[in-house]
Structure formats: C-alpha cells, structure tokens
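Worksheet: the structure to be examined is printed underneath.
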Amino acid sequence: MNKLVRNENINFGDKKQYRKPITITFFFLLLLTVLSTLLFVNVLANEPSVKLGNEVLLDDYIYLIDGKKVGLITNQTGVDSKGVSFIDNLLATNRVQLIALFAPEHGLDGKAKAGAQISSYIHPLYGIPVYSLYGQTRMPTEDMLFLLEVLLFDIQDIGARTYTYMSTLQYCMAAAKKYNKSIIVLDRPNPLGGLIVEGPVLEENFQSFVGVDNLPMAHGMTVGELAQFYNRKIGANLTVIPMEGYYRSMTFFETGLPFIQTSPNIPDIYSLYGYMATGLGEGTGVFQREQFRWIGGKGLDSCQYADILNGAGLPGVWFIPEDRETAGGVRLDIYDSSVFNPAKSGIYALAYAFMLGDFQVPASTPDKVSMFDKIMGTDQIGIFLKEKASPEQIVDYYSPGLEEFKKEREWYLNPYY
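Everything in the sequence shown is counted per the working numbering, starting at 129 for the first residue and increasing by one.
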C-alpha cells in the first residue's frame, strides 16, 4: 500500500529555462570554468529553496509518529536544509521514542571504506543500538525490528543505481513488509536532477546489492519516488513525505541545500557528478582516480583520448588530457551540470578507451556474475566492448529498454515536482 502525503499549497515556482550547450574553444575554457565555479558557489551560498521531507514530517505530519516507537535508517547525510542532524531534530520534539538507528554502507558517520564490513554497537551519546546493515546482515532482522512500530528512512542518494544506499532502502522496505511494520520515507532530491534517465536497464539475472531492481544506471527519481517504484513489487505499508519547493529540473546546486559528503570517495558534488562518468570500468583496466574526477588506463594516449571524447559533443563536460604515472587519461571539467549526462558520458569514456587501448572485460560464469556485469546490469555491454563497438552502437542497443523503463517510471513520479 502506497501513501503519498501531499501539500496542496506547495509553490514550486516557474520551471527554469536552461541554455542549450554551446561549442567551446580551448581559448575560453579557463574563463568558462572560473565563471561556472563562481556561479555554483553563489548558488550554494543562498538560502535553501527546498524544504526536505524530514522537515515537512516534523512541521506538518508529526502525528504519523507521535508517541510511537521509531527506528531510523540514516547516516551523516540525514540532515535538514540548514545542515542540522535529523536525529537531533527528532529527539528534540520529545514526541517519539527513538528505539534504534540503522546504518548503511560506510556506517553512521559515512567514514568506513567502500565494502568494509561494519559491526553494530550502542551509540555513545544516544544510548541506543546502531544496527549495521552492511555487516552480518544487509536487511533488518526480526529481532532488530521487534520493539518498533514504524521505520523512518532519511538518507541522501546520488542518483546512481549502483550506489548502495538505495539498495538498503529496498531491503528495509522488504523487511518492513515481512515483519508487518510501516515505513515512512522522507523525500530528498536526486542531486543529478530528475530529467537525466540513462544507461542499460538491469536484467533480472544480474540483480545484486549494486542493482536491486530493474533500473537504468541513472534513474532520475527522488528517494521517495524510488521507494514508490520499489513498492510495486514489495507491497509494504509505505508513506512518502514529499519535499516542498522542489521541482524536477533542479540540480543540487539550485536547491540551496548543503552538500554533505556521502561517502569517503564522494566528498563533494563534483565527485558525485563524476561517479558514473568515470567509475564503470570495474576490473577492465579502465579506472578512475581523483575521487571520480579522472578516467584512463595504461597504454592510452591522453591527447588522443581527449580529442575523441571532446569530438563526441557530450553536453556539459570538457575532457582535459592528463597522464597518471604510466596511464593516460582525461580529467573531467563539468561546466554545465544542468545538461551533463553522467551515465552516457561514462559509456562513451569506456567505449572509446576500449577502441583506443588494449583492455579486457571480466567474464561472468554460470556460477558467478562478474562485478563488471553487475554494474552494467547485463553481460551485453561487455560483448560490445570486446568487439570494440562504438558508443553509439552501445547506446542504440540499450535505448529500447530504456524507453520502456521511462514509460513505467511515469507511474511513480510525484506530480507536484
């Protein structure tokens, strides 16, 4: 059962009109970079224009949790529009019993390395359990949920299928259904905006914790919308608390919200934008560096690689040749986040690297799916890369499935955004 709490008085304002991408010469690149950086800093300095789901819950819908025993799934990104911890805001109401915290990959503070197993513990300040959902279990157990009446979910996503925070959401929804608990998801923006939907759609046989549902690489949904999408298969007692002042064409810069480091390798918004653009080559020899700001591999000619990528006309990004020890590659200069397509840029960067260099695709077996195929959500992209297919051929291959996903996705989008 899905419930979407709506506020009819939300004023979302006019949709912004974005400039179409322009052709850039190297002569103007430095000036453009400086100006765009100053613009982003100015936007981030403004008062937040978006009221997050956790604020709307406490201001308008506190009755949903009033007097109840609550478990909160969160981490360091669970803050309000002023950067104040939602844990503290929730406790300050004195109207709920916060029984337990649940932490995803990287832990409650977001400092653990990728893939590191984390143990549960008693929080030294709050004196309540912090159950790890990236340790002995990735799904809340019956014992963890026994005393709870309702689960709250408040974690910032980065808009990529492979980022495990939204996998944790799906697992928690499944646990809520299994153990007859209600779950309230507090909506947050998709920092890439809600217009970029891109990449191969995950096939059933390639589901894993880096791909829990039939999503493309970039799904273009908010946390709450993604919960509604997941729930078509789960059927949990789900309520989504929407944001106010948010609209789909917003990038994170335009929300005025503070950016909180989501994990050790995503310290800022620039790394977030580069995540899919540089991080798709798992096990191939094409790798990322500089926290998703650089992509390359051994044997690549940096200038040749940059030339072919810049010649592709990918919107919103310029590729700057830059060697890394024995590897050639490019640094991403994302100058217009409103049109930049991280997933498509990543497909192009990977395909061109294979065309220009000597790289291998890790093979899946009947017994084990390779991490590369898990990330792609299919084994077909690897076949194209082995054949040194063009990026256009790869995009043409996955486009029909992507269009089908876009149609299905429409059913789960918040019409007020």
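Virtual Cβ for every residue (Gly too), placed ideally from N, Cα, C. Keep in mind the model is a prediction, meaning the values are calculated, not measured.
Paired residues, beta bridge with residue i - DSSP
i           : result
residue 449 : 458
residue 415 : 424
residue 249 : 258
residue 225 : 197
residue 314 : 369
residue 391 : 394
residue 357 : According to DSSP, which records beta bridges pairwise, residue 357 is partnered with nothing at all.
residue 231 : 260
residue 339 : 336
Buried/exposed call for residue i, threshold 16 Cβ in 10 Å
i           : result
residue 528 : exposed
residue 534 : exposed
residue 546 : Outside the modelled stretch of the chain, which goes from 129 to 545, sits residue 546, for which no answer is possible.
residue 356 : buried
residue 247 : exposed
residue 190 : exposed
residue 242 : exposed
residue 179 : buried
residue 249 : exposed
residue 284 : buried
residue 383 : buried
residue 402 : buried
residue 545 : buried
Distance CB(residue i)-CB(residue j) smaller than 8 Å
i           : j           : result
residue 457 : residue 430 : yes
residue 289 : residue 339 : yes
residue 203 : residue 232 : yes
residue 307 : residue 273 : yes
residue 328 : residue 474 : no
residue 282 : residue 182 : yes
residue 463 : residue 446 : yes
residue 184 : residue 311 : no
residue 421 : residue 398 : yes
Segment limits, alpha helix (DSSP H) that includes residue i
i           : result
residue 199 : Residue 199 -> not in any alpha helix (DSSP H); beta strand (DSSP E) instead, spanning 197 to 202.
residue 279 : Here residue 279 belongs to no alpha helix (DSSP H); instead the beta strand (DSSP E) covers 278 to 282.
residue 527 : 519 to 537
residue 184 : 181 to 188
residue 509 : 508 to 514
residue 474 : 470 to 484
residue 550 : Since the first and last residues shown for the chain are 129 and 545, residue 550 lies out of range.
residue 439 : 430 to 439
residue 272 : 270 to 273
residue 305 : 293 to 306
Top-ranked residue by Cα proximity to residue i, from the options
i           : options               : result
residue 275 : 199, 403 and 253      : 199
residue 320 : 357, 264, 378 and 436 : 378
residue 240 : 331, 393, 301 and 421 : 393
residue 291 : 502, 507, 216 and 516 : 502
residue 372 : 197, 209, 536 and 202 : 209
residue 412 : 342, 459, 445 and 511 : 511
residue 387 : 316, 480 and 228      : 316
residue 448 : 469, 278, 465 and 477 : 477
Limits of the unbroken beta strand (DSSP E) element including residue i
i           : result
residue 366 : 365 to 369
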